[in-house]
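These notes are about the structure you will find just below.
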Amino acid sequence: MSAPVSETATAALQEPDQPPAQRGGKTPWWANQRIGLLVLVVLLATLFGVLRPAFFNQQLVVFPLLRDIAMFTVVGLAQLCVLSIGHMNLAVGRMAAFSMMITGISYDLWHFSLYAGLLVGLIAGAAIGALAGWVIARTGVNSFVVTLALDFLLLGLIPLVYTGLTDNAAFVTKPDGMREMRNYSLADICIGNVCGSPAVPQLALFAVIAMVVVGWIYSRTKLGRELLMTGTSVKAAELSGIPTARRVITAHAMSGCLAALAGFMLAVSTGSIKATIGEEFMLPSFLGPILGGTLLAGGFISVWGTLLGTALTSVIRKGLDLLGVGLESLNIYLGLILLVALSTDRIRTVLSERQEVRQR
Amino acid sequence: MPKSALWYRRTAVAGLAVVALAVSGCSTKSSNDSTADPAGDDASTGSSGGPVTLKDGSSVKLALIPGGAHPYFQPWKATAELDKTEFKLGDVTFDETGEWDQSKQNNVISSLAARGFNAFGIFGVSPTDINTTFEDLKAKGFAVGSLASCPAGNTNSADFCLSTDVEAAAYKAAKATIDAIGGEGTIVHLTGNNVDSNTQRRIAGVKKAVGETGGKVTELPVVTDIDKDLQTAQKAVADLLASKGKEIKGIVTTAYNPAVAAADGVAGSKLPIKVVAIDDDAKILAGIKSGGVSATVAQNPVGQAYVGGWLLALLGSKQCTMKSPGVIVDSGSFVVTKDNVDTYDDERKTKTKELQTEFASQLSCQ
Numbered sequence: 018m019s020a021p022v023s024e025t026a027t028a029a030l031q032e033p034d035q036p037p038a039q040r041g042g043k044t045p046w047w048a049n050q051r052i053g054l055l056v057l058v059v060l061l062a063t064l065f066g067v068l069r070p071a072f073f074n075q076q077l078v079v080f081p082l083l084r085d086i087a088m089f090t091v092v093g094l095a096q097l098c099v100l101s102i103g104h105m106n107l108a109v110g111r112m113a114a115f116s117m118m119i120t121g122i123s124y125d126l127w128h129f130s131l132y133a134g135l136l137v138g139l140i141a142g143a144a145i146g147a148l149a150g151w152v153i154a155r156t157g158v159n160s161f162v163v164t165l166a167l168d169f170l171l172l173g174l175i176p177l178v179y180t181g182l183t184d185n186a187a188f189v190t191k192p193d194g195m196r197e198m199r200n201y202s203l204a205d206i207c208i209g210n211v212c213g214s215p216a217v218p219q220l221a222l223f224a225v226i227a228m229v230v231v232g233w234i235y236s237r238t239k240l241g242r243e244l245l246m247t248g249t250s251v252k253a254a255e256l257s258g259i260p261t262a263r264r265v266i267t268a269h270a271m272s273g274c275l276a277a278l279a280g281f282m283l284a285v286s287t288g289s290i291k292a293t294i295g296e297e298f299m300l301p302s303f304l305g306p307i308l309g310g311t312l313l314a315g316g317f318i319s320v321w322g323t324l325l326g327t328a329l330t331s332v333i334r335k336g337l338d339l340l341g342v343g344l345e346s347l348n349i350y351l352g353l354i355l356l357v358a359l360s361t362d363r364i365r366t367v368l369s370e371r372q373e374v375r376q377r
Numbered sequence: 010m011p012k013s014a015l016w017y018r019r020t021a022v023a024g025l026a027v028v029a030l031a032v033s034g035c036s037t038k039s040s041n042d043s044t045a046d047p048a049g050d051d052a053s054t055g056s057s058g059g060p061v062t063l064k065d066g067s068s069v070k071l072a073l074i075p076g077g078a079h080p081y082f083q084p085w086k087a088t089a090e091l092d093k094t095e096f097k098l099g100d101v102t103f104d105e106t107g108e109w110d111q112s113k114q115n116n117v118i119s120s121l122a123a124r125g126f127n128a129f130g131i132f133g134v135s136p137t138d139i140n141t142t143f144e145d146l147k148a149k150g151f152a153v154g155s156l157a158s159c160p161a162g163n164t165n166s167a168d169f170c171l172s173t174d175v176e177a178a179a180y181k182a183a184k185a186t187i188d189a190i191g192g193e194g195t196i197v198h199l200t201g202n203n204v205d206s207n208t209q210r211r212i213a214g215v216k217k218a219v220g221e222t223g224g225k226v227t228e229l230p231v232v233t234d235i236d237k238d239l240q241t242a243q244k245a246v247a248d249l250l251a252s253k254g255k256e257i258k259g260i261v262t263t264a265y266n267p268a269v270a271a272a273d274g275v276a277g278s279k280l281p282i283k284v285v286a287i288d289d290d291a292k293i294l295a296g297i298k299s300g301g302v303s304a305t306v307a308q309n310p311v312g313q314a315y316v317g318g319w320l321l322a323l324l325g326s327k328q329c330t331m332k333s334p335g336v337i338v339d340s341g342s343f344v345v346t347k348d349n350v351d352t353y354d355d356e357r358k359t360k361t362k363e364l365q366t367e368f369a370s371q372l373s374c375q
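In order, the protein sequence lines correspond to chains A and B. Take 18 as the starting number for the first sequence in the working numbering and just add one per residue. Take 10 as the starting number for the second sequence in the working numbering and just add one per residue.
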């Protein structure tokens, strides 16, 4: 599910540095970044599986791995929304923490049900995201600066609320269904006598829904095309009659909403809603989309790429964990494997470009 | 309509149909359907009054898992090896790759379980979340001990918790500080992550000691979130001494990096401030011997890993079960001053032996 700005509009804007995937049928299939990532993920999973057969243990490895991939894919989608307009959201983790704080309050003080609390959190996330977007659109200040400032603001505010409202700096009320949501797999969902796989967590359905909705918006709707146009060139978008300020607010609101969903998934999988939710979100939020082909400059996104980019890093980490790689070496190996993965991608792109030149 | 657009529409419709089915058309088992098998529940008979000897530890693969890398946990590494040789365990590992993130620590634990480890001594990163992890492990039949930190709240879902009572340790440290400043004046408390329930307990312990002075000792606002690294702590201490150094008579620290930074900072500033530290790092002990640090509150990491390993081996080999699962035992905290700096370790070793006896009375063994 990748969505470039429409071919006509791209041609009209005459942007010189479009990625290969945007040139339609000229790129050979093997040079497609997503296919490359998919092959890498499969190869690495096979390698780790051969070295440690426990890698395919459904209950202890695959289930938690898929739960992680699902959560970080949603984190990646949160960043992807603002990357689509050429912006960044450095407060993606803190937006998750803020939204979950509201959700926690709704569980602890207002006794909301699991899904009502989630809804409140999603609205809070969209609202804080929209606020960031509004400030950016209104003042023209770079999104980097605005979201960084918002991050600091929330960094101070959130602990204040937690220490004021809780004894243990966490909302520990667990509404009905939270425990089941963490532990249940598709094996617990049956249509008649046919049940799903025990290796796939139910929590992953949230990521599937998020991917379908984001993919649909960017590939099938006018809003998605306008967001990508805004990312490609704000001036051109304005000249085309697109309300770019409103699109900036929309993209940031979508980002905040998805950050809230990721925060909820983390809270469910770890067990409680605490102030530190989202602290580890920022780097993975960029890693998934960028590895997957989403452009930092805006104008091109890839939902599938975000899933595959996230899967790549998660598979590497899980494999290294299983191999018993120590703390000193873990991040070195992680970095080296990513570097090799990206280098092969670059080699593939260069080979593809050479082939194109020869064909001309 | 172009073919690709038609494909996208069909894919979107199919995707939404799948989601709709998942949400409405399918049946999800209720929580009552759960057939989770509570772990380690095989009935055992008999009980012991003294330390119990492990009959056969070869089936036990013990994992000691701190929240992340920290000097406090380094004694666990050597003690894990001691556990292996002394109790003839199948295997032991010390894994500090949790990087102080509960989600990452959970991944590390599940990976170790997949590698065949079946007894876990865990320092949970998040006291409010760790019970969830314990419940997951127990449901899979593993022996689980909460080491060096107990879950927040009144419930411990692990088989046992062997930890410093952080509130009591902070109380002792504050009392030592108050004694060091002569019973009156202003003190300040330096500690770690504010949004951590253990920090909140430490803050409560210090406040309790200050409250008992009836107003003779006052406390400046607590300085939190400075245990991330030594540099952060050093900066905070330098700022504190520059702004309020003349007002402060004592500093009580309940986290490792602030303790080291406060000892160094006060020594460098030549201010007549009494510092009470935490733990027995070589640097802090040297400070006590030289007089730069008035006292420190040592904990018992070796005892936690040794007694915890012994207990987990008994539980993991199914030789014993806990009479009351979830029991919480204080592993001890020891005020170290210039007077007992050379002998406090004997006191700690005695406490470790007492811990074994105490736990033995909590066991039901075959």
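For glycine and all other residues, C-beta sits at the position ideal for the given N, C-alpha and C.
In chain order, what residues of the same chain have a beta carbon less than 7 Å from the beta carbon of residue i, not counting five sequence neighbours either side?
| i | result |
| --- | --- |
| B/Val336 | Phe169 and Gln371 |
| B/Leu320 | Gly154, Phe169 and Phe368 |
| B/Asp110 | Val134 |
| A/Ile259 | Glu243, Met246 and Thr247 |
Which partner residues of residue i appear in the DSSP bridge assignment?
| i | result |
| --- | --- |
| A/Pro218 | A/Ser202 |
| B/Thr305 | B/Ala286 and B/Val345 |
| A/Thr164 | In DSSP, A/Thr164 forms no bridge with anything. |
| A/Cys212 | A/Cys207 |
| B/Ser228 | Position check: residue 228 of chain B holds Glu in this sequence, whereas Ser was assumed. According to DSSP, B/Glu228 bridges with B/Ile196. |
| B/Asp100 | B/Lys70 |
Measuring straight from C-alpha to C-alpha, what distance separates residue i and residue j?
| i | j | result |
| --- | --- | --- |
| B/Thr44 | B/Lys149 | Note on B/Thr44: pLDDT 36, under 50, position unreliable in the model; the coordinate value appears next. For B/Thr44 and B/Lys149, the distance between alpha carbons rounds to 11 Å. |
| B/Gly345 | B/Thr305 | The residue asked about is misnamed: residue 345 of chain B is Val in this sequence, not Gly. Going by the C-alpha atoms only, they are around 5 Å apart. |
| A/Ser289 | A/Ile364 | 45 Å |
| A/Ser123 | A/Gly134 | 6 Å |
| B/Asn127 | A/Glu297 | 29 Å |
| B/Tyr353 | A/Asp205 | 56 Å |
| A/Pro176 | B/Val232 | 14 Å |
| A/Asn200 | B/Val338 | 30 Å |
| A/Ile102 | B/Tyr81 | 47 Å |
| A/Asn106 | A/Gly305 | 14 Å |
| A/Tyr179 | A/Phe188 | 8 Å |
| A/Leu329 | A/Leu82 | 11 Å |
| B/Ala284 | B/Leu324 | Reading off the sequence shown, one finds Val at residue 284 of chain B, where the question assumed Ala. For B/Val284 and B/Leu324, the distance between alpha carbons rounds to 42 Å. |
| B/Asn207 | B/Gln114 | 18 Å |
| A/Gly10 | B/Ala178 | No statement about residue 10 of chain A is possible, as the shown extent of chain A runs from 18 to 377 and does not include it. |
| B/Glu4 | B/Phe132 | There is no way to answer for residue 4 of chain B, as the model of chain B reaches only from 10 to 375. |
| A/Ser331 | A/Leu283 | 15 Å |
| B/Arg357 | A/Gly326 | 50 Å |
| A/His128 | A/Thr366 | 54 Å |
| B/Leu199 | B/Cys374 | 44 Å |
| A/Ala29 | A/Gly316 | With a pLDDT of only 39 at A/Ala29, under the threshold of 50, the placement of this residue in the model should not be trusted, and no figure is reported. |
Please report the Cβ distance between residue i and residue j, rounded to the nearest whole angstrom; I am assuming they are in contact, meaning their Cβ atoms lie under 8 Å.
| i | j | result |
| --- | --- | --- |
| B/Ile287 | B/Thr262 | 6 Å |
| B/Gly130 | B/Ala322 | Not confirmed; about 10 Å, so no contact. |
| B/Trp85 | B/Phe96 | That belief does not hold up - the Cβ atoms of B/Trp85 and B/Phe96 are roughly 15 Å apart, past 8 Å. |
| B/Lys279 | B/Gly194 | Not really, about 18 Å apart at Cβ, beyond 8 Å. |
| A/Leu54 | A/Gly322 | 7 Å |
| A/Ala227 | A/Leu275 | 6 Å |
| B/Ser303 | B/Ala189 | 4 Å |
| A/Ala268 | A/His104 | 7 Å |
| A/Gln96 | A/Val109 | 6 Å |
| A/Asp338 | B/Asn116 | 6 Å |
With a threshold of 6 Å on Cβ separation, who are the neighbours of residue i within its own chain once the five nearest residues in sequence on each side are excluded?
| i | result |
| --- | --- |
| A/Val251 | Thr261 |
| A/Leu273 | It is worth fixing the name first, because residue 273 of chain A is Gly in this sequence and not Leu. Cβ within range, chain order: Met112, Gly142, Ala143, Ile145 and Gly146. |
| A/Pro301 | Phe89 and Val92 |
| B/Thr37 | Here B/Thr37 scores only 47 on pLDDT, less than 50, and its place in the model should not be relied on; the value that follows carries that caveat. So the list is empty, once near-sequence residues are dropped. |
| B/Val197 | Leu229, Ile257 and Ile260 |
Keeping to the same chain, check which residues put their C-beta closer than 8 Å to that of residue i; ignore five residues upstream and five downstream.
| i | result |
| --- | --- |
| A/Leu340 | Phe65, Leu68 and Arg69 |
| A/Ala254 | Glu243, Met246, Thr247, Thr261 and Arg264 |
(Q) Quick check on the DSSP output: what are the complete alpha helix (DSSP H) runs of length 4 or more inside the segment 106 to 137 of chain B, in order along the chain? (A) Fully contained in the segment 106 to 137 of chain B are the following alpha helix (DSSP H) runs of length 4 or more, in chain order: 111 to 123.
Q: Run through the segment 145 to 199 of chain B for me and flag every whole beta strand (DSSP E) of 3 or more residues, listed as ranges in chain order.
A: Taking only runs of at least 3 residues, the beta strand (DSSP E) segments lying wholly in the segment 145 to 199 of chain B are 152 to 156, 169 to 172 and 194 to 199.
Q. Where are the beta strand (DSSP E) runs, 3 residues long or more, that stay fully inside the segment 243 to 329 of chain A, in chain order?
A. Counting only runs of at least 3 residues, the segment 243 to 329 of chain A fully encloses the following beta strand (DSSP E) elements, listed from N- to C-terminal order: 317 to 319.
Q.
If we require 4 or more residues per run, which alpha helix (DSSP H) segments fall completely within the segment 95 to 149 of chain A?
A. The segment 95 to 149 of chain A contains these whole alpha helix (DSSP H) runs: 109 to 125.
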